[in-house]
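Engineer: Using my numbering, the first residue of the sequence shown is number 6, and each one after it goes up by one.
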Amino acid sequence: MRDKLEQPLETESLLKSHEFKQEGRVLICVDDPSLTAILPLGVYLFGEKGAYRLEKLF
Numbered sequence: 006m007r008d009k010l011e012q013p014l015e016t017e018s019l020l021k022s023h024e025f026k027q028e029g030r031v032l033i034c035v036d037d038p039s040l041t042a043i044l045p046l047g048v049y050l051f052g053e054k055g056a057y058r059l060e061k062l063f
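(1) Could you tell me the distance, in whole angstroms, from the CA atom of Ser22 to the CA atom of Val31?
(2) What's the gap between the Cα of Thr41 and the Cα of Glu28?
(3) How many Å lie between Leu44 and Leu59 at the Cα?
(4) For Leu62, count the other beta carbons within 10 Å of its own beta carbon; 16 or more makes it buried, fewer makes it exposed. Which is it?
(5) Use the C-beta contact count for Phe25: other C-beta atoms within 10 angstroms, 16 or more gives buried, fewer gives exposed.
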């Protein structure tokens with residue numbers, strides 16, 4: 006079961022304006038490596054550039 010995560014406005018803005026990929030728990034910003042982050046356990050990136058969302062699967 007997927008839970009929608011409450012995302013701060015700043016996070017939503019970053020997800021809309023940059024290209025990301027996920028490798029394990031690492032969220033990598035392709036456009037700006039300084040925005041790379043570690044995701045909490047069970048959180049995954051879905052969607053495509055301009056329409057990403059983070060969801061908690063477990």
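Where a beta carbon is used, it is the ideal one built from N, C-alpha and C, also for glycine.
Only a predicted model underlies this, so the values are computations on that prediction, with no experimental measurement involved.
Structural biologist: Straight from the coordinates:
(1) When the Cα atoms are used, Ser22 and Val31 turn out to be separated by approximately 18 Å.
(2) If you take the alpha carbons of Thr41 and Glu28, they lie about 11 Å apart.
(3) Between the alpha carbons of Leu44 and Leu59 lies a distance of about 9 Å.
(4) It is exposed - the Cβ of Leu62 has fewer than 16 other Cβ atoms within 10 Å.
(5) Classification for Phe25: buried.
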